[in-house]
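Numbered per the working numbering, the sequence shown finishes at 353, counting up by one with no gaps.
For reference, the structure discussed in these notes is given below.
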Amino acid sequence: MSGWQPVRRTRAFEDVLAQIERRIAGDGLTVGDRLPGERQLAEQLQVSRSSVREAMRVLETLGVVSSQVGRGPDAGAVLISRPAGALTDLLRLHLGLASLSLEEVVDARLMIEKWSAAHAARHGADLSALTAALERMGEAATAEEFVEHDTAFHVAIAEASGNRLTAAMMRSLRDSLRRYAVEAVERLGDTTGLMADHRRIYRAIAAGDAAEASAAVEEHLHRAYPGISRPLRNEDRGPGGQLGHRG
107 MSGWQPVRRT RAFEDVLAQI ERRIAGDGLT VGDRLPGERQ LAEQLQVSRS
157 SVREAMRVLE TLGVVSSQVG RGPDAGAVLI SRPAGALTDL LRLHLGLASL
207 SLEEVVDARL MIEKWSAAHA ARHGADLSAL TAALERMGEA ATAEEFVEHD
257 TAFHVAIAEA SGNRLTAAMM RSLRDSLRRY AVEAVERLGD TTGLMADHRR
307 IYRAIAAGDA AEASAAVEEH LHRAYPGISR PLRNEDRGPG GQLGHRG
């Protein structure tokens, strides 16, 4: 029996991406470090400059580098870290293509935000960003303005959890839902109920009541997305009503 595997054909820019990934992992390159300039990188990797440019465009889209025009020591892209932007673009495209349903995105947001609110409550997080967002929501004159500060409020909950990946995922989920959120606020007309929900979430986190914070988030999303956000079944919850794993 043959142990040979088919040889995978790669395009040159994919090899450039693989080399950069290896350097980041192996040499400890980090945010703020500069990659070699286009000409230098092409010579070192023995590929065309167009292959290097294509690789840089991919990395820029992924939120990993910021391309800059320069010469000498100022040449070369700078490593950055903007995972939420790339995730937002990806989710928005797949929502538009119906690869993901709105219900699935809201469900994912529900799971992440319930955990984040409970975790923030347990660990006495800094709530200054939540306070500021609440005040600005109360002063909002349009649905778009309300949603802008509403987004800041919910992202602040995820950031208060202390988990950077959770915060990035929450930001991308919330940003991808922005259009639907504006429509939901316009449909409701009156934001009194939403503001009451936000204050309840804030009070629960401030009081260190993880169970109440989690429940307040769930009820808020059911109000914001009626008919879309599904109530969690008993089998979806762990001991004490906490969110468990499906399947």
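We put the beta carbon where it would ideally sit given N, CA and C, even for glycine.
The structure displayed is predicted, hence computed values, not measured ones.
Determine the burial state of residue i: buried for a count of at least 16 other Cβ atoms within 10 Å of its Cβ, exposed for fewer.
i, result
"His-229", "exposed"
"Ser-320", "buried"
"Val-113", "With a pLDDT of 49 at Val-113, under the threshold of 50, the modelled position of that residue is not reliable, and no figure is offered here."
"Leu-199", "exposed"
"Gly-182", "buried"
"Glu-144", "buried"
"Ala-313", "exposed"
"Val-212", "buried"
"Thr-194", "buried"
"Glu-324", "buried"
"Pro-271", "Per the sequence shown, the amino acid found at residue 271 is Leu instead of Pro. It counts as exposed."
"Ala-302", "exposed"
"Val-253", "buried"
"Arg-128", "exposed"
"Ala-317", "exposed"
"Arg-285", "exposed"
Between which two residues does the alpha helix (DSSP H) holding residue i run?
i, result
"Gly-244", "234-245"
"Tyr-308", "298-313"
"Arg-128", "118-133"
"Asp-139", "Segment: none, Asp-139 is in no alpha helix (DSSP H) and carries neither H nor E."
"Val-170", "Run containing Val-170: none; DSSP gives neither H nor E here."
"Ala-223", "208-228"
"Arg-284", "284-294"
"Thr-257", "249-266"
"Ser-320", "316-330"
Between the options, which has its C-alpha nearest residue i's C-alpha?
i, options, result
"Ser-282", "Leu-327, Gly-191, Ala-330, Leu-141", "Gly-191"
"Val-171", "Ile-126, Arg-277, Val-212, Ala-274", "Ile-126"
"Phe-259", "Arg-145, Ile-130, Arg-198, Leu-300", "Leu-300"
"Ile-218", "Asn-269, Leu-206, Thr-194", "Asn-269"
"Glu-292", "Ala-239, Thr-237, Thr-248", "Thr-248"
"Arg-309", "Leu-196, Thr-297, Ala-322", "Ala-322"
"Ile-186", "Ala-223, Ile-130, Thr-237, Gln-152", "Ile-130"
"Gly-333", "Leu-208, Glu-166, Arg-117, Ile-307", "Leu-208"
"Met-162", "Pro-142, Gln-152, Gln-150", "Pro-142"
"Leu-151", "Leu-165, Ala-118, Gly-134, Asp-315", "Ala-118"
"Ser-278", "Gly-295, Met-243, Thr-257", "Thr-257"
"Trp-221", "Ala-330, Asp-315, Arg-329, Thr-237", "Asp-315"
"Gly-138", "Val-153, Val-184, Glu-149", "Val-184"
"Gly-354", "Ala-224, Val-153, Ala-330", "Residue 354 lies beyond the residue range present for the chain, which begins at 107 and ends at 353; the question has no answer from this structure."
For the putative contact between residue i and residue j, defined by C-beta atoms under 8 Å, what is the C-beta separation to the nearest angstrom?
i, j, result
"Glu-250", "Val-288", "6 Å"
"Ala-214", "Ala-266", "Rounded, the Cβ-Cβ distance is 19 Å, inconsistent with contact."
"Ala-262", "Ala-235", "4 Å"
"His-326", "Ile-311", "The Cβ separation is near 13 Å, so there is no contact."
Touching or not, the stretch 118-125 and the stretch 151-165, by the rule of three or more beta carbon pairs under 8 Å? yes
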